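A.B. asks: In the numbering used here, the protein residues as written are 167 to 256.
Ideal placement from N, C-alpha and C gives every residue a C-beta, glycine not left out.
Since this is a predicted model, take the numbers as computed values, not measurements.
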């Protein structure tokens, strides 16, 4: 597999938090165990220097969503959230 390195000349552009192929969860108001998980398949830097990610969701139909960096959690972050969540006792 070939590696592609992309360099940005813009002074405000920062390195994206997630890279191609990274496993991420799309954050939501619901419990973190119910967040949608997928893989980064695209990156776009908008005019306000905000990274937008295309996420291929883990669904058989292969749906994609485009979200900003703030709306994503890395797979490691999702695991740590689920470990620290309080357990319900009946």
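Measuring straight from C-alpha to C-alpha, what distance separates residue 213 and residue 203?
C.D. replies: The alpha-carbon atoms of residue 213 and residue 203 are separated by roughly 27 Å.
A.B. asks: When the Cα atoms are used, what is the spatial distance from residue 255 to residue 233?
C.D. replies: Low confidence applies to residue 255: its pLDDT is 44, below 50, so where it sits in the model is not reliable, and the reading given next is rough at best. Straight-line Cα distance between these residues: approximately 35 Å.
A.B. asks: Which residue from 190, 186, 242 and 240 puts its Cα closest to that of residue 260?
C.D. replies: Residue 260 lies beyond the stretch modelled for the chain, which goes from 167 to 256, so this question has no answer here.
A.B. asks: Taking the CB atoms as reference points, tell me whether residue 231 and residue 192 lie closer together than 8 Å.
C.D. replies: Taking 8 Å as the Cβ cut-off, residue 231 and residue 192 qualify as a contacting pair.
A.B. asks: Using a Cβ-Cβ cut-off of 6 Å (strictly less than) and excluding sequence neighbours within five positions of residue 194, which residues of its own chain qualify?
C.D. replies: Correct list, in chain order: 201.
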